[in-house]
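See below for the structure under consideration.
As structure tokens, then:
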């Protein structure tokens, strides 16, 4: 689906935890997430820690939209 949006001229960021799958299907901008059931947080952490995780990862995703890339790129995030 990501490739179809990009064919139409939309810049897309794929946020996922299965990086090999995202690269195989051809996503160009990839931001790693935490897990399948909790992609942008973890219920065992405090609300403040979850907010920091989400804020950081969404920020990385937004920054990746303005980054000029030539090949598939997996953007680094803090774990």
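In my numbering, the protein residues as written are 296 to 374. Note that CB positions come from ideal geometry on N, CA and C, so glycine has one too. All values reported here derive from a predicted model rather than from experimental measurement.
Check: CB contact flag (residue 328, residue 334, <9 Å); Outcome: yes
Check: Backbone CA spacing between residue 336 and residue 321 [nearest angstrom]; Outcome: 25 Å
Check: Burial state of residue 330, where buried means 16 or more other Cβ atoms lie within 10 Å; Outcome: exposed
Check: Residue range of the alpha helix (DSSP H) that includes residue 316; Outcome: 314-320
Check: Rounded distance between the beta-carbons of residue 353 and residue 370, thought under 8 Å; Outcome: In fact, because the Cβ distance is near 12 Å, the residues do not count as touching under 8 Å.
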